Amino acid sequence: MPLPFLTADRAFDASAEDVALPFDDHDSWRRPYRPGPWRVAAAAGVLLLASFVLLAAMIIAFAGAPSGAVVCLLLAGALIGAALRLLRVGAWVSRHGVRRVGFFRTTTVPWGATASVRTVQQPVKWLGLPRTVQGQALIVVRQNGETLPPLTSDHNAD
């Protein structure tokens, strides 16, 4: 029984050829891969914690302490914002260039200023922790020879 909806990968009844997706807009920033399970699990855990904080805010508000409820609401808002930002972290590409989105900082390199994008074998951080392991990383080299930190690696959260 065919279902009459579009999937994320291709339109229904579309062949497996390399054709542009129906939502493919080259001017908007796109992540060329899906978020990894570690990143999604961490965001889900933070959102679960935020739900408990929101429940605590409701209990505190019904108990008659509005200042405590406001503090809990602000904390829950910060946790929700952190979870959403965690899901945005990664490498993004568009017609304009390549963008490395970090938790606190974003770097954009236009394609005209890019000398190469390649994979290299080098020590990489394991899940963003200080420990490094040998792995493959995707790096961008600018025209002036400056190398950006790895866009992604085989040992990160994606």
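11 is the number of the first residue of the sequence shown in our numbering; add one for each residue after it.
No residue lacks a Cβ here, since even glycine has one placed at the ideal position from N, Cα and C.
Quantities reported herein were computed from a predicted structural model and do not represent experimental measurements.
Inclusion of residue 41 and residue 102 in the CB contact set at 8 Å is warranted, their separation being smaller than that value. Here DSSP, grouped into helix, strand and coil, assigns residue 64 to helix.
Between the stretch 43 to 51 and the stretch 77 to 86 there are fewer than three C-beta pairs closer than 8 Å, too few to call the two in contact. Taking the Cα of residue 60 as reference, the smallest distance to any Cα among 118, 91 and 70 is reached at 91. Residue 97 holds the alpha-carbon nearest to the alpha-carbon of residue 168 among 115, 97 and 39.
A contact between stretches requires three or more CB pairs, one per stretch, nearer than 8 Å, and the stretch 109 to 129 meets this requirement with the stretch 139 to 155. Collapsing the DSSP output to three states places residue 50 in a helix.
Listed in chain order, the non-local C-beta contacts of residue 117 below 6 Å within the same chain comprise 110, local neighbours out to five positions each way being set aside. Annotation: the continuous alpha helix (DSSP H) that includes residue 83 extends over 76 to 98.
Residue state for residue 125 is assigned as strand, using DSSP reduced to three classes.
By the CB criterion at 8 Å, residue 105 and residue 124 fall outside the cutoff. The beta carbon of residue 161 sits closer than 6 Å to the beta carbons of 101, 110 and 148 from its chain, once the five residues preceding and following it are set aside; these are given in chain order. Inter-residue distance for residue 95 and residue 72 is about 31 Å (C-alpha atoms, whole angstroms).
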